[in-house]
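With the working numbering applied, the sequence shown corresponds to residues 2 to 370, in that order. Beta carbons are placed, not taken as given, at the ideal position from N, Cα and C, and that holds for glycine. Just so it is clear, the structure is predicted and the values come from calculations on it, not from any experiment. Accompanying notes for the structure given below.
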Amino acid sequence: MAPTSAAKQQQHTTGKKAVGLAALDASGHLAPLAITRRSTGDDDVAIKILYCGVCHSDLHSIKNEWHNTTYPIVPGHEIAGVVTEVGKKVTKFKPGDRVGVGCMVNSCQSCDVCAAGFENHCRGIVFTYNSADPADGGSITLGGYSTAVVVHERFVVRFPDGMPLDRGAPLLCAGITVYSPMKYHGLNAPGKHVGVVGLGGLGHVAVKFARAFGMKVTVISSSPEKRQEALERLGADAFVVSKNADEMKAAGSSLDGIINTVSANVPVAPFMALLKPNGKMIMVGLPDKALEIPPFDLIMGNKTLAGSCIGGMRDTQEMLDLAAEHGVTADVEVIGVDYVNTAMERLAKADVRYRFVIDIGNTLKNSSE
Ligand SMILES: [Zn+2]
Ligand SMILES: [Zn+2]
2 MAPTSAAKQQ QHTTGKKAVG LAALDASGHL APLAITRRST GDDDVAIKIL
52 YCGVCHSDLH SIKNEWHNTT YPIVPGHEIA GVVTEVGKKV TKFKPGDRVG
102 VGCMVNSCQS CDVCAAGFEN HCRGIVFTYN SADPADGGSI TLGGYSTAVV
152 VHERFVVRFP DGMPLDRGAP LLCAGITVYS PMKYHGLNAP GKHVGVVGLG
202 GLGHVAVKFA RAFGMKVTVI SSSPEKRQEA LERLGADAFV VSKNADEMKA
252 AGSSLDGIIN TVSANVPVAP FMALLKPNGK MIMVGLPDKA LEIPPFDLIM
302 GNKTLAGSCI GGMRDTQEML DLAAEHGVTA DVEVIGVDYV NTAMERLAKA
352 DVRYRFVIDI GNTLKNSSE
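Quick look at the structure:
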């Protein structure tokens, strides 16, 4: 496997030297690796990466748990940094701007869904890492656990004034992932009652957005010890322990919608009973096993089980602007690169409140510097 991607990555012989944190095999162990970024093209923005959030997808990918990883892999799609150079056709950014890059770095940019602002649904989507980029010689993309990245300006967002780069970085995946289904399923209205299943990297941001929109929010978690945190610090209106049959029954038929953020293989059917008639549960976590749902649980009460995949670039900027306006940021534990393998072990045990963010700027150095 490795020779293919290594050979492709070497095509950037004329680009910029950078350093990434790469896994070379399914052990998932991350270590510094010299990489090369493409030269800044006419539409490109070159970014010095200062922070990158650690998403559960990164962990799945470095361990090849989705069986699609090309090694070496440099993960990371919650990128925050500063513009260092722009191509001559770039109009939206200039050197020194604070910017972010999320889960995708390219798409066909010409189809109907791209034109409608849903690059995330384009058949030609190029993900930020582990994805072949036809516009870049078919090379495999390398993500944000690295010192620099070069991205087409369409896939770069601006950090609003007052939005910190470290606490804002996780919004580029976790934030848009929970914001988008609230918007497109009509839950982001005052008075709507939403349930958030799982209080982790995605879930805690979902609670914050729900509060910002004036929604009533119930956290549903398998961990009773998160009750106080959810109610007192994050300001949820109610807390339900999913393993407690009495609490689940008492919360029955109470929710307009549920954002299910769990990426472990937890049965989804019991949550459908929490929905009001015509209620919807939207899956945003990615367990590796198939979901099991008795048709009865959907048909009674006209329930909908849906999925939602990040969001388009316009929505991502809108989400970031709204987050800044309402003071929504992620709760983060900032770590240095030396800690990243330990962080992955802790993430596997859900031992983080709520997002690790790697301080790339201060702890990952270009060997040439
Ligand atoms: Zn992610
Ligand atoms: Zn397209």
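| Check | Outcome |
| --- | --- |
| C-alpha distance - P182 paired with F297, whole-angstrom precision | 24 Å |
| Straight-line gap, D45 to T85 (C-alpha atoms, nearest Å) | 11 Å |
| The region 112 to 126 contacting the region 71 to 78, beta-carbon criterion three pairs below 8 Å | no |
| Supposed contact pair I359 and Y146 - C-beta distance, whole angstroms, cut 8 Å | 6 Å |
| Inter-residue CB distance, G372 and I50 (contact presumed, cutoff 8 Å) | Residue 372 lies beyond the stretch modelled for the chain, which goes from 2 to 370, so this question has no answer here. |
| Segment contact flag, the region 28 to 38 with the region 55 to 74, C-beta cutoff 8 Å, min 3 pairs | yes |
| Contact check, V151 vs S40, beta carbons under 9 Å | yes |
| Which of helix, strand or coil DSSP assigns to E293 | coil |
| Where F210 falls: helix, strand or coil (DSSP) | helix |
| Rounded straight-line distance, which links the Cα of I141 to that of L60 | 18 Å |
| Residues bridged to P271 (per DSSP) | DSSP lists no partner for P271. |
| M2 to I36 span [Cα, whole Å] | The predicted position of M2 is uncertain, since its pLDDT is 31 and thus under 50; no value can be drawn from it. |
| Neighbourhood of E370 by C-beta, 6 Å cutoff - its chain only, sequence neighbours within 5 removed | In this predicted model, E370 has a pLDDT of only 46, less than 50, meaning its place in the structure is not dependable; the value taken from the coordinates is given anyway. Closer than 6 Å at Cβ, skipping near neighbours: no residue. |
| Contacts around P4, its chain only, beta-carbon distance under 6 Å, and the 5 residues preceding and following it disregarded | Confidence in P4 is poor, its pLDDT being 35 and thus under 50, which makes the residue's placement too unreliable to answer from. |
| Host beta strand (DSSP E) of D360 (start-end) | R356 to D360 |
| Reduced DSSP secondary structure (H/G/I, E/B, other) of T5 | For T5, the predicted structure reports a pLDDT of 40, less than 50, and the residue's modelled location is therefore unreliable. The matter cannot be settled from this model. |
| Nearest-angstrom Cβ-Cβ length linking G196 and I126, presumed shorter than 8 Å | Their Cβ separation, rounded to whole angstroms, is 29 Å, which puts G196 and I126 out of contact at 8 Å. |
| Cβ pair D43, K89 closer than 9 Å | yes |
| Collapsed DSSP secondary structure at S108 in the structure displayed | coil |
| Selected residue, minimal CA-CA separation from F160, among G139, T70, P288 and D322 | D322 |
| Where K17 falls: helix, strand or coil (DSSP) | strand |
| 6 Å CB neighbourhood of V242 in its chain, flanking five on each side removed | P225 and E248 |
| Proximal residues to V208 (C-beta, below 6 Å), its chain only, five neighbours per side dropped | V197, V218, L235 and A237 |
| Under the three-state DSSP convention, the category M284 falls into | strand |
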